[in-house]
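Written out below as structure tokens is the structure these notes cover.
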């Protein structure tokens, strides 16, 4: 009897600390930390780190589990499965690239753990009616729509496409063709390339021979610099270079003033936009990481903030899904609301911006209500 | 005009491919080893050029005077420590060893230099000479083509005239007979591997100002070098030189007249066609390896 009492008492004592303390809040984060997309991935890593820092300083305790996909969809899927089955997270932010995000999105409903995609543009990600997939950034068709509307007042007539043979490249150009056709633009060249080649001169010469008014480019990272260098070499000078985000918005690209000046790009975010906290975020990011944040950093920051904030109030995956669906936020990415519209599910109808590199500085030039500077058109070297 | 532009770009960029191909072919000829670490040796050349430029402020093309001896020595030591052990072993052992060495090099580079692509921007990185007829010739490509030509000519003279060069060729033609004639074949192997490494590193350094520098950048060049060697005839230095130019021109023409996306397909279709009719490669000897 004594023994039984003793063991009961021990059991109660052991159980007490567990009962007093709630299970820690666990959120996963998948990103391209290594691999070809690692350079942009670093922006997401830093943005997320800053968000976690801010949340902790506000007293939100969160166990933030980071996974690397190396830019490879099968690694991204493995990372998601590990996060939901082994780590027991209730929500996941990521992955970065369209290829990875699309594959992970297709499994989110199976595991019933909400996925918040911060920066991947492929339309299908939120077009398949997945209940557990949310997207903060604007999808691919907005990239081309906003770019083409920015130059529409100047009445260009022809367009050429040069783009990476990736999910992002192909889907962005597909929507650009639709938008260009509705504007009455004539397509004079369409060049898809395999990433990482040393020589695009032949491709660019062909584009130059077609003499387009607009050259629409989709590239990741260093390819953007390579393409613009060789475009300068062969003397390709259309009325405007339109870069669809990614490689054309990085600080590294902006630093190459000789080739990047006056290049126009679609972006999800700029540091001079008048959304609450945007300028302050840029300042703090710069101070902490000694680099200018790209839009990816802002997307990751806001996605992590929204995910953790909502998860802290809801505590289970099912309630988190409902919380994301019902909530609305207004932060550095402007107003955020996950809505169902024109075929999309849980898609934030994010207003994209158009930026232009003017003397090494990124200036917001479109839409007028968010910008201070005017677009320089036509392009000149 | 478009044709001429494609031809010029193709020949110029083919020059660097040729240099990478020659290095691989020389190693195969003398040692009968397919060096799968060749692309990674090229990557090391890129980083050497990058650090010479950023830390020592030496122009990447001028830095070759430093890169060539350093990489020769590295290749020489690599052969003495690792490669010579598998010279008389089956091909699969040699392939595993060189792939392993390549993996160690690229992953060490990943750890040391991170996966951020580095951009080497010289004053001439995006400049070109424009002729009156509208033809544009890339300055960095032209410079690297001239350097490639000089190096190839020197290498040719060395192989044809010097006693070490003759000994290398003798080893390449018949290892046993060369040894019986009193040639130190072990030393010849080390020299050949050293030269091969130096050529790979040179090709890497030459491409650095126009490409981006990344720990895995060598991999796409490995496949290209191998294709060039087989196309030209394994072990044939002249064949590799011509093969490199052919690949450069075919890529450029395919991108101009078919589609950028299809240029690799065109290259490999041509490659298979050549192998179908001349299995020994364009300049290979019949009955050779």
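Chains as they are written, first to last, in this note's numbering: chain Y, 59 to 439; chain H, 939 to 1227. Glycine included, each C-beta is placed from N, C-alpha and C at the ideal position.
In the three-state DSSP reduction, residue 249/Y falls in the strand class (E or B). Taking CB atoms only, residue 940/H has a neighbour in chain Y less than 7 Å away.
Considering only 193/Y, 246/Y, 139/Y and 179/Y, the residue with the shortest C-alpha distance to residue 171/Y is 139/Y. Approximately 6 Å separates the beta-carbon atoms of residue 956/H and residue 1183/H; this is inside 8 Å, confirming the contact. With contacts defined as CB atoms closer than 7 Å, residue 212/Y and residue 274/Y fail to qualify as a contacting pair. Per DSSP, residue 102/Y lies in no beta strand (DSSP E); the unbroken alpha helix (DSSP H) holding it starts and ends at 96-115.
In summary, the residues of the region 241-274 of chain Y whose CB is separated from some CB of chain H by less than 8 Å are 249, 250, 251, 252, 254, 255, 256, 257, 258, 259, 260, 261, 263, 264 and 267, in the order they occur in the chain. Close CB contacts of residue 290/Y within its chain, under the 8 Å cut and outside five residues either way in sequence, are with 316, 317 and 439 (chain order). By the neighbour-count criterion, in which 16 or more other beta carbons inside 10 Å mark a residue as buried, residue 978/H falls on the buried side. For the pair residue 99/Y and residue 154/Y, the CB atoms are nearer than the 7 Å cut-off. DSSP lists 394/Y as the beta-bridge partner residues of residue 387/Y. In the three-state reduction of the DSSP assignment, residue 139/Y falls in the helix class.
Contacts with chain Y (Cβ-Cβ distance below 9 Å) from the region 1186-1204 of chain H involve 1186, 1189, 1190, 1191, 1192, 1193, 1194, 1195, 1197, 1198, 1199, 1201 and 1202, listed in chain order.
Every beta strand (DSSP E) stretch that sits fully inside the region 290-328 of chain Y and reaches 3 residues is listed by chain position as 298-301 and 322-325. In the three-state DSSP reduction, residue 414/Y falls in the strand class (E or B). Per the DSSP secondary-structure output, residue 275/Y pairs in a beta bridge with 220/Y and 301/Y. Counting C-beta atoms within 10 angstroms of its own C-beta, residue 1035/H has 16 or more neighbours from the protein chains shown and is therefore classed as buried. By the CB criterion at 7 Å, residue 404/Y and residue 192/Y fall inside the cutoff. Interface annotation, residue 217/Y: not in contact with chain H, CB-CB separation never under 7 Å. Of all residues in the region 282-295 of chain Y, those with a C-beta nearer than 9 Å to a C-beta of chain H are 283, 284, 286, 287, 288, 289, 290, 291, 292 and 293, reading in chain order.
The contact set of residue 1149/H on chain Y, defined by CB atoms closer than 8 Å, consists of 256 and 284 in chain order. Around the C-beta of residue 1027/H, fewer than 16 other C-beta atoms lie within 10 Å, and the residue is accordingly described as exposed. By the criterion of at least three beta-carbon pairs nearer than 8 Å, the region 352-371 of chain Y is in contact with the region 295-308 of chain Y.
Non-local beta-carbon contacts of residue 282/Y in its own chain, meaning distances under 6 Å to residues more than five positions away in sequence, involve 305, 306 and 311 in chain order. At least one CB atom of chain Y sits nearer than 7 Å to the CB of residue 1145/H.
Separation of the CB atoms of residue 123/Y and residue 94/Y is rounded to 24 Å, and the pair is thereby denied contact status at 8 Å. In this structure, DSSP gives residue 382/Y a helical state, which the three-state scheme calls helix.
The alpha-carbon separation between residue 1088/H and residue 1139/H amounts to approximately 16 Å.
Under a 10 Å Cβ-count criterion, residue 1042/H is classified as exposed, with fewer than 16 other Cβ atoms of the shown protein chains found around its own Cβ. Within chain H, the residues 1064 have their CB atoms less than 7 Å from the CB of residue 317/Y, given in chain order. Taking the C-beta atoms as reference points, residue 264/Y is found nearer than 7 Å to residue 1194/H. Proximity of residue 168/Y to chain H, defined by a Cβ-Cβ separation below 7 Å, is not satisfied. Taking the C-beta atoms as reference points, residue 266/Y is found no nearer than 7 Å to residue 284/Y.
Residue 110/Y is classed as buried because its beta carbon has at least 16 other beta carbons within 10 Å across all chains shown. Between residue 1208/H and residue 1188/H, the C-beta spacing is below 7 Å. Sequence-distant Cβ neighbours of residue 969/H in its own chain, meaning closer than 7 Å and more than five residues away, are 1025, 1127, 1130 and 1131.
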